[in-house]
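Protein chains in written order, with our numbering: chain U, 1 to 267; chain L, 268 to 534.
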């Protein structure tokens with residue numbers, strides 16, 4: 001049995017064990033090998049291409065995305081046997097993160113990716129998430145990928161993008177702490193949790209919560225032992241020097257300061 | 268008082284309060300505004316340029332870098348008032364991460380960056396870190412930036428790159444759990460800790476430890492309140508689904524599996 005076969009078998013096991021709802025494991029579609037535009041030194045890597053039987057994770061990038069929302073889950077998933085992670089954006093090439101300070105490279109354009117087993121939509125600050133939330137091409141693509149996905153996932157305000165695509169009506173979900181009230185606007189049911197699994201929809205809380213969700217997803221796509229090994233592989237034994245990482249642990253002034261820092265740094 | 272003035276004042280306060288050792292706050296040198304080569308759609312952002320009085324963080328990128336090593340600290344620091352984070356590589360443009368699946372964009376080439384207040388050297392898997400550890404141009408640049416830095420920092424096996432540059436002789440430091448024994452080869456004194464501060468040298472344990480170190484550094488560059496707000500801004504209230512994030516919490520077979528996953532995914 002090849003590594004890829006193992007990956008597929010494990011995904012099927014996860015599907016059988018996990019109650020994946022309507023999305024059966026029928027989504028090993030071909031990703032058209034479009035050349036990345038607008039990026040010098042782009043490489044056509046086998047990992048990005050994947051092969052028949054590979055579990056494909058497509059991460060939506062866009063200008064204004066929060067880097068850690070995308071990179072946290074990427075780092076937890078990219079070494080899981082049989083899994084490939086591919087960054088996808090409206091156009092292939094560089095996107096700039098929400099502060100404008102960092103460029104991430106999308107290997108694929110939306111129209112070159114017709115199917116994925118896992119869709120991951122990271123969040124961004126308001127100015128960042130507004131364009132994908134109102135861009136019909138992006139929302140259509142999300143709906144199309146969702147129809148064939150095994151898992152449709154979001155981090156932070158990525159949930160509001162899923163919601164704008166109409167995927168969260170009546171669905172228990174979470175999002176960034178300061179954006180919880182917006183879930184009702186898209187018909188979702190705010191549910192507390194570092195991440196919330198509802199059928200095949202998996203939503204994480206803010207930014208760094210994508211790391212925890214990524215480990216959970218690693219277990220779903222393979223097995224707990226592999227996910228535990230991934231946790232060790234990235235030495236994820238968190239020990240923050242402070243304990244102010246949730247709004248419940250912060251005073252109102254600190255909450256205001258956090259939002260001000262985000263707004264001031266947004267481009 | 269401008270935001271930049273505040274950033275500078277806070278850094279001076281941190282220097283006064285923090286016992287920064289030999290590196291006094293004299294390092295607000297100009298970063299030559301070289302145009303990013305090899306990247307279409309690159310933008311000349313004010314944040315990447317900084318201004319007089321800005322606290323400049325330079326993150327070394329290279330082919331084979333582990334994405335989260337760089338992006339974790341970036342995300343903790345990029346919104347701290349008066350701080351700018353700039354990705355730097357031997358040549359400006361795209362670098363590929365250790366799995367080959369993700370491209371990060373370096374805004375600046377090494378020879379266009381002559382000074383930085385904070386140097387951050389992320390790690391990579393063996394095949395990734397070997398080139399910078401044996402590349403005289405990179406090691407010379409690290410030594411040059413270190414001479415003028417307020418903080419010289421690393422994440423994961425980035426410590427071995429600092430060590431190869433000769434900066435860790437007799438210095439208490441940490442690194443990736445599986446690479447601890449290599450610290451002795453560069454004269455460093457392995458010291459347990461999520462991150463270890465020794466004079467102006469700050470080293471973090473593996474991959475995700477850069478997030479914790481980044482928050483500590485945010486406090487050093489500004490104040491605890493700002494760092495606490497940054498923790499809330501990224502909703503860093505970690506709650507991993509497993510508890511196998513350090514070698515002490517994992518059995519020998521899990522440690523082997525983690526290293527196998529890393530080796531198998533390395534390009």
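Quick reminder that beta carbons are idealized off the backbone N, C-alpha and C, glycines included.
At least one CB of chain L lies nearer than 9 angstroms to the CB of residue 99 of chain U. In terms of Cα proximity to residue 512 of chain L, the closest of U/241, U/232, U/239, U/112 is U/232. Counting the other Cβ atoms within 10 Å of the Cβ of residue 149 of chain U gives 16 or more, which makes it buried. Just measuring C-alpha positions, the residue of U/153, U/214, U/143, U/124 sitting nearest residue 176 of chain U is U/124.
Annotation: Cβ neighbours of residue 212 of chain U in chain L (cutoff 7 angstroms, chain order): 505, 506, 507, 508. Exposure of residue 401 of chain L is indicated by the presence of fewer than 16 other C-beta atoms within 10 angstroms of its C-beta.
Restricting attention to U/237, U/159, U/261, the CA atom closest to the CA of residue 189 of chain U is found in U/159. Below the 7 angstroms Cβ cutoff, chain L contributes 506 as neighbours of residue 194 of chain U, in chain order.
Interface criterion not met: the Cβ of residue 117 of chain U is under 9 angstroms from no Cβ in chain L. If you compare the alpha carbons of U/121, U/86, U/174, U/229 with that of residue 516 of chain L, the shortest gap goes to U/229. Listed along chain U are 235, each with a C-beta nearer than 7 angstroms to that of residue 444 of chain L. By the neighbour-count definition (other C-beta atoms within 10 Å, threshold 16), residue 432 of chain L is a buried residue.
Proximity of residue 66 of chain U to chain L, defined by a Cβ-Cβ separation below 9 angstroms, is satisfied. From the beta-carbon of residue 494 of chain L, the residues of chain U found nearer than 8 angstroms are 241, 242. Taking the C-beta atoms as reference points, residue 267 of chain U is found nearer than 9 angstroms to residue 64 of chain U.
One alpha carbon belongs to residue 237 of chain U, the other to residue 447 of chain L, and they sit about 16 angstroms apart. Here the region 325-344 of chain L lies against the region 374-392 of chain L, with 3 or more beta-carbon pairs under 8 angstroms apart.
The region 331-341 of chain L makes contact with the region 65-80 of chain U: 3 or more CB pairs, one atom from each, lie closer than 8 angstroms. By a beta-carbon distance limit of 8 angstroms, residue 218 of chain U does not contact residue 212 of chain U. Their separation comes to about 11 angstroms. In the same chain as residue 465 of chain L, and ignoring 5 residues on each side of it, the C-beta atoms closer than 6 angstroms to its own belong to 438, 439, in chain order.
Each residue's CA atom was taken as its position, placing residue 112 of chain U and residue 95 of chain U some 17 angstroms apart.
Residues of chain U whose Cβ lies closer than 7 angstroms to the Cβ of residue 476 of chain L are, in chain order, 235. Look at residue 351 of chain L here: in three-state DSSP terms it is strand.
A check of alpha carbon separations from residue 510 of chain L across U/118, U/145, U/260, U/225 identifies U/225 as the nearest. Under the Cβ distance rule, residue 200 of chain U does not count among the residues neighbouring chain L, no pair being separated by less than 9 angstroms. Taking 9 angstroms as the threshold, the shortest C-beta distance from residue 346 of chain L to chain U falls below it.
For residue 131 of chain U, the nearest beta carbon of chain L is not closer than 9 angstroms to its own beta carbon.
The shortest CA-to-CA distance from residue 370 of chain L to any of U/110, U/130, U/87 is the one to U/87. Against chain L, the CB of residue 161 of chain U has no partner CB under 9 angstroms away; the residue lies outside that interface. Contacts with chain U at 9 angstroms (Cβ-Cβ) include residue 513 of chain L.
Within the region 467-530 of chain L, the beta strand (DSSP E) runs of at least 3 residues that lie entirely inside it are, in chain order, 468-471.
Against chain U, a Cβ distance below 7 angstroms from residue 473 of chain L picks out 234, 235. Taking a Cβ-Cβ threshold of 8 angstroms, none of the residues of chain U is close to residue 449 of chain L; the smallest such distance is about 15 angstroms. Under the Cβ distance rule, residue 191 of chain U does not count among the residues neighbouring chain L, no pair being separated by less than 9 angstroms.
Each of U/92, U/192, U/98 was checked against the Cα of residue 107 of chain U, and the nearest Cα belongs to U/92.
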